[in-house]
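J.: Can you read through this structure? Questions will come right after.
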Amino acid sequence: MENATEAVRIAQQDEKRELGQPQNPPPPLRRRFVISLYFGYFLARWGARTWEFSVALYMIYLWPNSLLLAAIYGAIESGSSAIFGPIVGQWIEGMDYVKVFRLWLLCQNLSYIIAGGAVIKLLLDYDLKPRNIPDFATLVALTNVAGAIGVLSTLGGTILIERDWAVVMSEGHPPAVLTRMNSVIRGIDLSSKLLSPVITGLIISFVSLKASAITFAFWATITAWVEYWLFISVYSGVPAMAQSNERRILRSITKPVEGTDAHVSVSIVPGTEEGNPPRRTGMLKLLDRISTSSFVGAWRIYIKQEVVLPGVSLALLFFTVLSFGTLMTATLQWEGIPTYIIGIGRGISATVGLLATVVYPLMQSRISTLRTGLWSFWSQWSCLLVCVGSIWVKKGNIASYMLMGGVAASRLGLWMFDLAVIQQMQDQVSESDRCVVGGVQNSLQSALDLMAYVLGIIVSNPKDFWILTIISFSTVTLSGLIYTVHLYRIRNHIFHFEKIPLLSKCLFKFILPSRGET
1037 MENATEAVRI AQQDEKRELG QPQNPPPPLR RRFVISLYFG YFLARWGART
1087 WEFSVALYMI YLWPNSLLLA AIYGAIESGS SAIFGPIVGQ WIEGMDYVKV
1137 FRLWLLCQNL SYIIAGGAVI KLLLDYDLKP RNIPDFATLV ALTNVAGAIG
1187 VLSTLGGTIL IERDWAVVMS EGHPPAVLTR MNSVIRGIDL SSKLLSPVIT
1237 GLIISFVSLK ASAITFAFWA TITAWVEYWL FISVYSGVPA MAQSNERRIL
1287 RSITKPVEGT DAHVSVSIVP GTEEGNPPRR TGMLKLLDRI STSSFVGAWR
1337 IYIKQEVVLP GVSLALLFFT VLSFGTLMTA TLQWEGIPTY IIGIGRGISA
1387 TVGLLATVVY PLMQSRISTL RTGLWSFWSQ WSCLLVCVGS IWVKKGNIAS
1437 YMLMGGVAAS RLGLWMFDLA VIQQMQDQVS ESDRCVVGGV QNSLQSALDL
1487 MAYVLGIIVS NPKDFWILTI ISFSTVTLSG LIYTVHLYRI RNHIFHFEKI
1537 PLLSKCLFKF ILPSRGET
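Okay, structure coming up:
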């Protein structure tokens, strides 16, 4: 009875929130807790971005002249996120906040410590592969599994902070508050992507690979405690957090109750015993289990959302090697680009991406979130034409620098598009589905990322990287067409031609007849 009463109260609150009815104004956000959230997220993302950059260099060092180990690692990492991403989203939705970030920080940092330790052993004993293949394969497998668990844990933290806490903390405040928080959180991620490769590249170039692995393991050990203290202070200090946590716990409690209240009728099929359902084959039972599983349920929720096409468009951008990821980093090193130059190039790329966190709020406030996504996407696509052009350049390392330059320039449009899609999801997805949709979105992105690594395994010779470039560019083009179709479906037009002065004059002068002509 008590659960039913609480469920009614939650439903009434959710209905008021959806209808925009006035509620008690929230207390102002205290700067101390906002900064604590940002700093804790920075520490978490720094570790994740450091590992993301370093692991490609470790793998190409352990297996020179091949992208095989790097591609296998990327495939395992992306595959685990693709399979378990929706389940992680539902798991987060069904647990209270404190348990979520405790498990996130424990699993992420412990996994990175184990992965770092395995890499240190492999680097210290470089002759292990020819001398003892089983031990070498075991350590590589341990690195892959620990890294995949670390990435899954990071996924849980990303969903919690980006898709949930940012929205909860900004509830009741002007929309610009959420836009600003999204931009700062994305800026923190890109700052980590900017600085960690530069510092790691300097350590590798001027000290050693072993020193970088030891530094990484030490960082994961120390920062876990600091991150926990920062996040628990945010949870305890922001009243909206406790209220949102109460709603999510009550939703998880009342869901089974709602399921048992439904009327169940059993029809009698001719040829069966009275009142007993017909026998089901093993295949039908398996299909029933699959259809009622958390994984399928999460996908059903995702597909019903209005923002499914922007989500698919964003996910397709992960089916690419045109980023400073594992495969492109390994290829650049194979082509003779120094490690610190690659790190600096990745840093410049992240710096350009950081500009997106400044430009996006300005552009979004003037032309809407939907159209900001359109303009930012096609600006990214235009920059990637330089990467395609680098295929036909054969002089020295010019092609490599064109590739790096095109990727770096495209990050402005890419991250503005990412922010536009995330904000559309935050605005249009209900609170009860927010984490589930975030989990499925990350799962879809990881599945397409996995496909890129599978291509890297098939086309593992760095000389054939141009093939991966063409396929990646084609996928990016498809992504843009999907988003453009979505915008046209919503607005019934793509551009306001009349708002372009020069074009408007031409239209009126040459196409539309003047009033004096009959």
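In terms of our numbering, the sequence shown is residues 1037 to 1554.
Cβ coordinates follow ideal geometry from the N, Cα and C atoms, glycine included.
With distances taken from CA atoms, which of I1112, I1339, S1401 is nearest V1176?
T.: Mapped onto the sequence shown, residue 1176 falls at position 140. Closest by alpha carbon: I1112.
J.: Which of helix, strand or coil does DSSP assign to K1157?
T.: Here residue 1157 is taken as the residue at index 121 of the sequence shown, counted from 1. Three-state result, K1157: helix.
J.: For T1513, count the other beta carbons within 10 Å of its own beta carbon; 16 or more makes it buried, fewer makes it exposed. Which is it?
T.: Sequence index remark: in the sequence shown, residue 1513 carries index 477 (1-based). With fewer than 16 Cβ atoms within 10 Å of its Cβ, T1513 is classed as exposed.
J.: Can you give me the Cβ contacts of L1196 inside the same chain, cut-off strictly under 8 Å, excluding the 5 residues immediately before and after it?
T.: As a working note, residue 1196 is residue 160 in the sequence shown. Cβ neighbours of L1196 beyond the five flanking positions: I1128, Y1133, V1136, F1137, W1140, C1471.
J.: By a C-beta neighbour count over all protein chains shown, 10 Å radius and 16 as the cutoff for buried, is Y1162 buried or exposed?
T.: Taking the sequence shown and counting its residues from 1, one reaches residue 1162 at position 126. Burial call: exposed.
J.: Within its chain, find whatever has a CB closer than 8 Å to the CB of E1342; leave out the 5 residues flanking it on each side and keep chain order.
T.: Translated into the one-based positions of the sequence shown, residue 1342 becomes position 306. These residues qualify, in order along the chain: Q1464.
J.: Work out the CA separation of W1411 and I1403 for me, nearest whole Å.
T.: Reading the sequence shown from its first residue, position 367 is the one you call residue 1403. Reading the sequence shown from its first residue, position 375 is the one you call residue 1411. Rounded to whole angstroms, I1403 to W1411 spans 10 Å at the Cα level.
J.: When the distance is taken between beta carbons, is M1131 closer than 8 Å to V991?
T.: A question about residue 991 goes unanswered here, because the residues of the chain that appear run from 1037 up to 1554.
J.: So is Y1524 buried or exposed if we call it buried at 16+ other beta carbons inside 10 Å?
T.: Walking along the sequence shown from the start, residue 1524 turns up at place 488. Exposed, because fewer than 16 other Cβ atoms sit within 10 Å of the Cβ of Y1524.
J.: For D1485, does the three-state DSSP call read helix, strand or coil?
T.: Working through the sequence shown from its first residue, we reach residue 1485 at position 449. It is helical.
J.: Got a sec? Which residues, its chain only, sit under 6 Å from A1182 by beta carbon, not counting five neighbours each side?
T.: Position 146 of the sequence shown holds residue 1182. Excluding residues within five positions, the ones whose Cβ falls inside 6 Å are S1147, I1150, A1151.
J.: Exposed or buried, what is G1372 when buried is set at 16 or more other beta-carbons lying within 10 Å of its beta-carbon?
T.: Numbered from 1 along the sequence shown, position 336 holds the residue referred to as residue 1372. The residue is exposed, with fewer than 16 neighbouring Cβ atoms inside 10 Å.
J.: Quick one: residues in its chain with C-beta nearer than 8 Å to the C-beta of P1292, no 5 flanking neighbours on either side, listed in chain order?
T.: The sequence position of residue 1292 within the sequence shown is 256, counting from 1. At P1292, the pLDDT of 48 sits below 50, so the modelled position is not reliable; the number obtained from the coordinates is stated separately. Result list for P1292: empty, nothing under 8 Å.
J.: Could you tell me if T1179 is buried or exposed, where buried requires 16 or more neighbouring beta carbons within 10 angstroms of its beta carbon?
T.: Mapped onto the sequence shown, residue 1179 falls at position 143. Buried.
J.: Under 8 Å: do the stretch 1347-1365 and the stretch 1066-1086 share three or more Cβ pairs, one atom per stretch?
T.: Cβ pair count under 8 Å is below three, so no.
J.: For G1492, collect the residues of the same chain with a Cβ closer than 6 Å to its Cβ; drop the 5 residues on either side in sequence, then sort them by chain order.
T.: Along the sequence shown, one-based indexing puts residue 1492 at 456. Answer for G1492: L1103, A1107, L1363, listed in chain order.
J.: Leaving aside the five residues before and after G1237 along the sequence, list all residues of the same chain whose C-beta is less than 6 Å from its C-beta, in chain order.
T.: What you label residue 1237 is simply residue 201 of the sequence shown in a count that begins at 1. Same-chain partners within the cutoff: T1375, Y1376, G1379.
J.: For L1158, which residues of its own chain have a beta-carbon under 8 Å away from its beta-carbon, when the five flanking residues on both sides are left out?
T.: Taking the sequence shown and counting its residues from 1, the one referred to as residue 1158 is at position 122. These residues qualify, in order along the chain: Y1094, L1098, L1164, F1172, L1175, V1176, T1179.
J.: Identify, in the order they occur along the chain, each residue of the same chain with its Cβ nearer than 6 Å to the Cβ of I1384, setting aside the five sequence neighbours on each side.
T.: Position 348 of the sequence shown, counted from the first residue, corresponds to residue 1384. Only A1444 meet the Cβ criterion.
J.: With the cut-off set at 8 Å, would you say T1520 and Q1460 are in Cβ contact?
T.: The residue labelled residue 1520 in the question sits at position 484 within the sequence shown. The residue labelled residue 1460 in the question sits at position 424 within the sequence shown. No.
J.: Just mark T1365 as buried or exposed, buried being the case when its beta carbon has 16 or more other beta carbons within 10 Å.
T.: Position 329 of the sequence shown, counted from the start, is the residue given in the question as residue 1365. Result: buried.
J.: Looking at the structure shown, is P1058 part of a helix, part of a strand, or coil, going by DSSP?
T.: Indexing the sequence shown from 1 puts residue 1058 at position 22. Since pLDDT at P1058 reaches only 46, below the 50 mark, its modelled position is unreliable, and no value is offered.
J.: When you compare only the Cα positions, how much space is there between A1092 and V1394?
T.: Looking up residue 1092 in the sequence shown gives position 56. Looking up residue 1394 in the sequence shown gives position 358. Each residue's alpha carbon lies about 30 Å from the other.
J.: Which first and last residues belong to the alpha helix (DSSP H) in which F1078 is found?
T.: As a working mapping, residue 1078 is identified with position 42 in the sequence shown. Run containing F1078: 1067-1098, per the alpha helix (DSSP H) assignment.
J.: Quick one: what's got a C-beta closer than 7 Å to L1486's C-beta in the same chain, skipping five residues either side?
T.: Working through the sequence shown from its first residue, we reach residue 1486 at position 450. Here the set comprises A1111, S1114, G1115, A1118.
J.: Going by the beta-carbon positions, is the gap between G1516 and F1413 smaller than 8 Å?
T.: As a first step, residue 1516 is located in the sequence shown; it is residue number 480 there, counting from the start. As a first step, residue 1413 is located in the sequence shown; it is residue number 377 there, counting from the start. Yes, these two residues count as a Cβ contact at 8 Å.
J.: Taking A1386 and L1226 to be in contact with their CB atoms under 8 Å, please state how far apart those CB atoms are, rounded to whole angstroms.
T.: Within the sequence shown, the letter at position 350 stands for residue 1386. Within the sequence shown, the letter at position 190 stands for residue 1226. Sure, about 5 Å apart at Cβ, within 8 Å.
J.: Apart from the five residues just before and just after L1352, which ones in its own chain have a Cβ nearer than 8 Å to its Cβ?
T.: Along the sequence shown, read from residue 1 onward, the residue named residue 1352 stands at position 316. Closer than 8 Å at Cβ, skipping near neighbours: L1484, T1511, V1512, L1514, S1515, I1518.
J.: For M1131, name the three-state secondary structure that DSSP assigns.
T.: In the sequence shown, counting from the first residue as 1, residue 1131 sits at position 95. DSSP places M1131 in coil when its eight states are reduced to three.
J.: Excluding the 5 residues preceding and the 5 following A1184 in the sequence, name in chain order all residues of the same chain whose CB lies nearer than 6 Å to its CB.
T.: Translated into positions along the sequence shown, residue 1184 becomes position 148. I1112, E1113, S1116.
J.: How many angstroms separate the CA atom of K1246 from the CA atom of W1255?
T.: Position 210 of the sequence shown, counted from the start, is the residue given in the question as residue 1246. Position 219 of the sequence shown, counted from the start, is the residue given in the question as residue 1255. Taking the straight line from one Cα to the other gives about 14 Å.
J.: Compare the Cα-Cα distances from L1034 to each of D1454, K1430, G1223, L1286 and report the closest residue.
T.: Any answer about residue 1034 is impossible in this case: the structure gives the chain only from 1037 up to 1554.
J.: Whole angstroms are fine: how far does the CA of L1439 sit from the CA of S1426?
T.: Against the sequence shown, residue 1426 aligns to sequence position 390. Against the sequence shown, residue 1439 aligns to sequence position 403. Their backbone Cα atoms lie some 6 Å apart in a straight line.
J.: On a CA-only basis, which of G1192, L1358, A1212, L1480 is nearest R1382? Give me that one, please.
T.: Along the sequence shown, one-based indexing puts residue 1382 at 346. Taking only the C-alpha atoms, the option nearest R1382 is L1358.
J.: Taking 8 Å as the threshold (C-beta atoms), are L1191 and N1433 in contact?
T.: As a position in the sequence shown, residue 1433 is number 397, starting the count at 1. As a position in the sequence shown, residue 1191 is number 155, starting the count at 1. Against a cut-off of 8 Å, the Cβ pair of L1191 and N1433 comes out as no contact.
J.: Can you tell me whether W1261 is buried or exposed? The criterion is at least 16 other CB atoms within 10 Å of its CB, across all chains shown.
T.: Position 225 of the sequence shown holds residue 1261. Burial call: exposed.
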